[in-house]
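Below is one structure, written out as structure tokens; the observations come after it.
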């Protein structure tokens with residue numbers, strides 16, 4: 001089916017996902033709704049086997065879609081030295097980039113996951129966990145499920161601890177890997193314990209990256225969205241910890257990218273590296 005148009009592939013994928021769901025096998029889908037329906041059905045789908053034909057066509061569709069969105073290569077992203085002559089000691093190894101993290105062609109991108117570690121099940125939700133899983137394809141949830149299954153064989157009530165990191169493949173994303181980390185949830189007031197958990201997220205991701213020879217890594221703004229970690233404190237912690245880890249692993253890490261989406265985070269990181 002690779003010779004067919006994106007619309008033809010999308011129509012086929014949606015039809016197969018509707019059948020696969022059972023519940024939505026008779027769903028009538030308009031042409032303009034197909035892409036959102038595809039994402040929604042991927043989001044709610046529990047991990048289970050599917051045909052190789054489906055995976056091949058899904059992969060072909062998602063890779064072409066990724067190409068059309070525009071893949072951003074590492075060499076096109078300026079460092080903070082090139083961009084604003086920052087005096088930070090590692091200004092030649094750090095970048096700030098605003099945009100969609102699923103477009104980045106780096107060794108690894110960081111996903112702000114939840115403790116169930118299976119991605120977001122809310123159809124078309126705006127969180128980064130949903131965006132990454134939706135662009136990677138259903139294989140990413142399958143790999144996360146296998147990991148969680150092994151853990152649950154040891155402890156049936158297992159949930160991924162806050163502050164640790166898991167490395168998986170990236171499948172149809174331009175990056176090579178995804179680093180999943182569970183950030184702290186701020187339910188009431190921010191305190192030192194929550195700050196330390198966020199520091200652990202950044203440390204764990206860098207430590208795991210170094211362990212597997214990952215030399216370029218793009219961090220999202222962990223915990224600042226649905227988990228309600230204050231943006232100012234989160235940016236200060238990220239800048240602090242990455243500075244420490246680059247000091248420790250200066251020869252093993254080539255580039256750390258702070259991927260921001262909101263204007264407030266862009267301003268905070270620029271300000272933070274201008275001090």
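Numbering (UniProt numbering), first residue to last: 1 to 275. Glycine included, every Cβ here is placed at the ideal spot set by N, Cα and C.
- In this structure, DSSP gives residue 180 an extended state, which the three-state scheme calls strand.
- Closest in alpha carbon position to residue 159, among 137, 138, 245 and 183, is 183.
- Per DSSP, the beta-bridge partners of residue 73 are 105.
- In the structure shown, the three-state DSSP call for residue 169 is strand.
- Residue 46 sits exposed, since fewer than 16 C-beta atoms from the chains shown fall within 10 Å of its C-beta.
- Exposed is the label assigned to residue 52, since fewer than 16 other Cβ atoms lie within 10 Å of its Cβ.
- About 5 angstroms separates the Cβ atoms of residue 101 and residue 109, confirming a contact at the 8 angstroms cut-off.
- As computed with DSSP, residue 21 is found in no beta bridge at all.
- Contact between residue 39 and residue 124 holds, since their C-beta atoms are separated by about 5 angstroms, short of 8 angstroms.
- Shown here for residue 168: same chain residues with a beta carbon closer than 6 angstroms to its own, the five before and five after excluded, namely 143 and 178 in chain order.
- Here residue 227 carries a coil assignment [DSSP, helix/strand/coil].
- For the pair residue 27 and residue 189, the Cα-to-Cα distance works out to about 45 angstroms.
- For residue 257, the enclosing beta strand (DSSP E) stretches over residues 255–260.
- Counting C-beta atoms within 10 angstroms of its own C-beta, residue 181 has 16 or more neighbours from the protein chains shown and is therefore classed as buried.
- Residue 104 is not a Cβ neighbour of residue 165, given a cutoff of 8 angstroms.
- DSSP places residue 110 in the strand class (E or B) of the three-state scheme.
- Considering only 141, 137, 173 and 139, the residue with the shortest C-alpha distance to residue 73 is 173.
- In the three-state DSSP reduction, residue 98 falls in the strand class (E or B).
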